[in-house]
Amino acid sequence: MHYIFITRTFRGQIKGFRKVFQEKDLLEDIKDFVQNGLRKGETTLKAQQYYEITLETVKLRFYFRKAAFRYLVGVISDSDSQRYIPIIIDRKAGPYGQNLTLKTDKKTRQAIQKAIVAVMSDYLAYTEDQEKNKESATVYKVV
Amino acid sequence: MKKSASFPSVRATPELKDQVQDACDHLGVKYAMVVNNLLEQWVTGRTHLDLELDPKFVAEAKAALESEETQAIFKQVGKRHKKQAFHDAVDI
Numbered sequence: 004m005h006y007i008f009i010t011r012t013f014r015g016q017i018k019g020f021r022k023v024f025q026e027k028d029l030l031e032d033i034k035d036f037v038q039n040g041l042r043k044g045e046t047t048l049k050a051q052q053y054y055e056i057t058l059e060t061v062k063l064r065f066y067f068r069k070a071a072f073r074y075l076v077g078v079i080s081d082s083d084s085q086r087y088i089p090i091i092i093d094r095k096a097g098p099y100g101q102n103l104t105l106k107t108d109k110k111t112r113q114a115i116q117k118a119i120v121a122v123m124s125d126y127l128a129y130t131e132d133q134e135k136n137k138e139s140a141t142v143y144k145v146v
Numbered sequence: 179m180k181k182s183a184s185f186p187s188v189r190a191t192p193e194l195k196d197q198v199q200d201a202c203d204h205l206g207v208k209y210a211m212v213v214n215n216l217l218e219q220w221v222t223g224r225t226h227l228d229l230e231l232d233p234k235f236v237a238e239a240k241a242a243l244e245s246e247e248t249q250a251i252f253k254q255v256g257k258r259h260k261k262q263a264f265h266d267a268v269d270i
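Structure below.
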C-alpha cells in the first residue's frame, strides 16, 4: 500500500503557490515518483532506521507552467506500507536562477528544520487518532 | 583554414587544479586537449554526467536532517509508528 499524506502544515505552504499549481498537480507528481522512482535531478538525502520503520528523505523536482520547484518528501516504510509525506517546497526562478523563497543558507536550514518538525507533528497527531485529528492531514491512496 | 573558438574559463578548487595539471604534465598533454575530448564525449552521449541541480538546497537540507530537533521528531515517529489502515484515504 502506498499512501500520500498532505498535512495541514504542508497544505499551508502550497497555498502560497495557488496561482501556479493546485494540490492535485503536486499529488500527480508524487504519484509519478511513487510509481517510477527518482527522476533526473532528484536524490535521496538520508535513509535511517528508527525502531520498526525506515525513514528516507528525498529531494524531488516539480515543473509546472514554466515554474520550477524542488521539494522534500519523507518516506516511511514498514513491512506493509509506504507513507509519503511532503515536507517543504521551494520555488526556483529557473534552472540557473536563485531560489526565491529561501533567501540565505541559515534561513534555508532553519526553514527546513521547522517544516520537518511541524509536518511530522501533524502526521503523528493524525496517525495517533484519525477521528479526533482529521484536520491534521488528508490521506491519499495510490492505486 | 578552420576558425578556432575559446570556451569560457572554468573554476575549480586549487586542489583539483593541481591534480589535473599534474596529470597533464605526467602524460605530456595540454589541459585544453583533455577538456575538449571530455566535452566531445559528453556531447555525443558517451559520458554520463550526474549533476546535482540544487547543491545549496541539498547541503542545507542534509544539515537540517542531522539536527537534534529533526532527529528527535524522527525518533518519535519511529517509536509511535503503528501499522494501520486509512479507511478515509482518497484514491488517486
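Keeping their order, the protein sequence lines are chains A and B. Residues 4 to 146 (the numbering used here) make up the first sequence, in order. Residues 179 to 270 (the numbering used here) make up the second sequence, in order. Here a beta-carbon is modelled for each residue, glycine too, at the ideal position from N, C-alpha and C. These figures come from a predicted structure and were not determined experimentally.
Could you give the distance in angstroms between the alpha-carbon of residue i and the alpha-carbon of residue j?
i        : j        : result
A:Gly100 : B:Gly206 : Model confidence at A:Gly100 stands at a pLDDT of 45, short of 50, so the residue's coordinates are unreliable and nothing is read from them.
A:Val23  : A:Arg94  : 11 angstroms
A:Ser139 : A:Lys62  : 23 angstroms
B:Lys257 : B:Pro192 : 47 angstroms
A:Glu55  : B:Val255 : 10 angstroms
A:Asp125 : B:Val236 : 24 angstroms
B:Glu218 : A:Ile119 : 43 angstroms
A:Asp81  : A:Ile17  : 28 angstroms
A:Gln38  : B:Ala201 : 44 angstroms
B:Ala267 : B:Asn215 : 54 angstroms
B:His226 : A:Val76  : 26 angstroms
B:Asp269 : A:Lys144 : 5 angstroms
B:His204 : B:Val221 : 27 angstroms
B:Val198 : A:Gln25  : 48 angstroms
B:Ala183 : A:Ala71  : 33 angstroms
B:Ala250 : A:Tyr53  : 11 angstroms
Whole-angstrom Cβ separation of residue i and residue j, contact assumed at under 8 angstroms?
i        : j        : result
A:Glu59  : A:Thr47  : 6 angstroms
A:Phe8   : A:Val146 : Actually they are not in contact, since the Cβ atoms of A:Phe8 and A:Val146 sit about 16 angstroms apart, beyond 8 angstroms.
A:Tyr6   : B:Phe264 : 6 angstroms
A:Arg112 : B:Ala241 : 5 angstroms
For the candidate residues the options, whose alpha-carbon lies nearest to that of residue i?
i        : options                                : result
A:Phe13  : A:Ile79, A:Tyr87, A:Glu134             : A:Tyr87
A:Asp132 : B:Ile270, B:Lys260, B:Glu246           : B:Lys260
B:Glu238 : A:Thr10, A:Lys34, A:Val120, A:Lys110   : A:Lys110
A:Gly40  : A:Ile17, A:Thr57, A:Arg64              : A:Arg64
B:Thr248 : A:Gly15, A:Met123, A:Lys69             : A:Met123
A:Ile115 : B:Leu243, B:Gln262, B:Ala210, B:Ile270 : B:Leu243
A:Tyr66  : A:Thr57, A:Lys43, A:Lys135             : A:Lys43
A:Ile33  : A:Gln85, A:Tyr53, A:Thr130             : A:Gln85
Measuring only from the beta carbon, is residue i closer than 6 angstroms to any heavy atom that is part of the ligand MN?
i        : result
B:Glu218 : Although the ligand MN was asked about, the structure shown includes no ligands whatsoever.
message: Beta carbons nearer than 7 angstroms to chain A: which residues of the segment 237-252 of chain B have them?
response: Cβ contacts with chain A come from Glu238, Ala239, Lys240, Ala241, Ala242, Leu243, Ser245, Glu247, Thr248, Ile251, Phe252.
message: Ignoring anything shorter than 4 residues, give me the alpha helix (DSSP H) runs that lie fully in the segment 11-44 of chain A, in order along the chain.
response: If we require 4 residues or more, the alpha helix (DSSP H) runs fully inside the segment 11-44 of chain A come out as 11-18, 26-39.
message: Which residues of the segment 10-42 of chain A have a Cβ closer than 7 angstroms to any Cβ of chain B? Give them in chain order.
response: When CB distances to chain B are screened at a threshold of 7 angstroms, the residues of the segment 10-42 of chain A falling below it are Leu30, Lys34, in chain order.
- request: Below 8 angstroms between beta carbons is the criterion; list the residues of the segment 116-132 of chain A that meet it against any residue of chain B, in chain order.
  value: Hits within the stretch, in order: Gln116, Ile119, Val120, Met123, Ser124, Tyr126, Leu127, Thr130, Glu131.
query: Where are the beta strand (DSSP E) runs, 3 residues long or more, that stay fully inside the segment 43-124 of chain A, in chain order?
result: Entirely contained in the segment 43-124 of chain A, the beta strand (DSSP E) runs reaching 3 residues are, in chain order, 46-53, 56-67, 70-80, 85-95.
query: Which runs of the alpha helix (DSSP H) spanning at least 4 residues fall entirely within the segment 217-248 of chain B, listed in chain order?
result: Complete alpha helix (DSSP H) runs here, min 4: 233-244.
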